[in-house]
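A.B. asks: One structure, pasted below without further comment.
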């Protein structure tokens, strides 16, 4: 059971029923800040990605809740381009053991099975000591990724030589006070059906 739950400020999550459930299970109930656009954007992006994965996995819209654990496993164990790491490895300090690796042992699983308990504990301790370094590496990777995205955006949109710069004048031309155009007489030369 979680120690605390953070809800947004929606009325459906701030009512007496939720308060009773939190009291019954000794869960501290917190509300998120009213306006935090940076975090709201990150949450919305994550939810959008999870929704896309669920949409690809479900056969009917009634069974989405059955596929959600597999969706979350896929989302948490796939490498993010922005960080260069999986969410699972940034939280736990090691890569997740996938269900298929239990059925058909991978080299990593076989190597861990051969370790004695003391060696495995030491190996896990070393991994946990390196977790901060992994997280810092992911932050640096994210910063470099953002710089690359900004550079690519500036190159395509802001560079006048690229041909993609937006024109300052409208693409249409309209005037209420335009003088009427006069017909210019075209001199006739020969037969209308063409010269033969």
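Residue numbers (the working numbering): 2 to 197.
C-beta: ideal position from N, C-alpha, C; glycine also.
Because the structure is a prediction, the values reported are computed rather than measured.
Using 7 Å as the limit for Cβ to Cβ distance, is residue 94 near chain C?
C.D. replies: Included in the structure is just one protein chain, with no chain C present.
A.B. asks: So within the stretch 96-135, which uninterrupted beta strand (DSSP E) runs reach at least 3 residues, ignoring any that extend past its ends?
C.D. replies: List check, beta strand (DSSP E) in window: nothing returned.
A.B. asks: Take residue 29 and list the residues in its own chain whose beta-carbon comes closer than 6 Å to its own, dropping the five residues that flank it on each side.
C.D. replies: As a working mapping, residue 29 is identified with position 28 in the chain shown. Cβ within range, chain order: 5.
A.B. asks: Tell me the residue span of the beta strand (DSSP E) that contains residue 32.
C.D. replies: Translated into the one-based positions of the chain shown, residue 32 becomes position 31. Start and end: 29-32.
A.B. asks: Which of the three DSSP states, helix, strand or coil, is assigned to residue 152?
C.D. replies: For the purposes of this step, residue 152 is taken as the residue at position 151 of the chain shown. Of the three classes helix, strand and coil, the one that applies to residue 152 here is helix, per DSSP.
A.B. asks: Let's test the definition: count the other Cβ atoms within 10 Å of the Cβ of residue 20 and tell me whether it reaches 16, buried, or not, exposed.
C.D. replies: Mapped onto the chain shown, residue 20 falls at position 19. Classification of residue 20: exposed, given that the 10 Å Cβ count is below 16.
A.B. asks: What number of angstroms, rounded off, separates the C-alpha of residue 116 from the C-alpha of residue 108?
C.D. replies: Here residue 116 refers to the residue found at position 115 of the chain shown. Here residue 108 refers to the residue found at position 107 of the chain shown. Between residue 116 and residue 108, the C-alpha separation is close to 13 Å.
A.B. asks: Taking its Cβ as the centre, do 16 or more other Cβ atoms sit within 10 Å of residue 42, making it buried, or is it exposed?
C.D. replies: For the purposes of this step, residue 42 is taken as residue 41 along the chain shown, with counting starting at 1. Classification for residue 42: exposed.
A.B. asks: Grab the span of the beta strand (DSSP E) containing residue 5 for me, first residue to last.
C.D. replies: As a working mapping, residue 5 is identified with position 4 in the chain shown. Segment 5-8, the beta strand (DSSP E) holding residue 5.
A.B. asks: Check whether the stretch 145-152 touches the stretch 98-107, taking contact to mean three or more Cβ pairs, one atom from each stretch, closer than 8 Å.
C.D. replies: Counting Cβ pairs under 8 Å, fewer than three are found: no touch.
A.B. asks: Which term fits residue 79, buried or exposed, when burial requires 16 or more other beta carbons within 10 angstroms of its beta carbon?
C.D. replies: Taking the chain shown and counting its residues from 1, the one referred to as residue 79 is at position 78. By the neighbour-count rule (16 or more Cβ atoms within 10 Å), residue 79 is not buried but exposed.
A.B. asks: From the DSSP output, in three-state form, read off residue 79 for me.
C.D. replies: The residue labelled residue 79 in the question sits at position 78 within the chain shown. Note: residue 79 maps to coil in three-state DSSP.
A.B. asks: Taking the straight line between their C-alpha atoms, what separation do you get for residue 11 and residue 33?
C.D. replies: The residue given as residue 11 occupies position 10 in the chain shown. The residue given as residue 33 occupies position 32 in the chain shown. Going from the Cα of residue 11 to the Cα of residue 33 covers about 10 Å.
A.B. asks: How would you label residue 17, buried or exposed, when you count the other beta carbons within 10 angstroms and need 16 or more for buried?
C.D. replies: Stepping through the chain shown from its first residue, residue 17 is reached at position 16. Its Cβ having fewer than 16 others within 10 Å, residue 17 is exposed.
A.B. asks: Is there contact between the stretch 83-97 and the stretch 118-138, where contact requires at least three CB pairs shorter than 8 Å?
C.D. replies: Contact holds: three or more Cβ-Cβ distances are below 8 Å.
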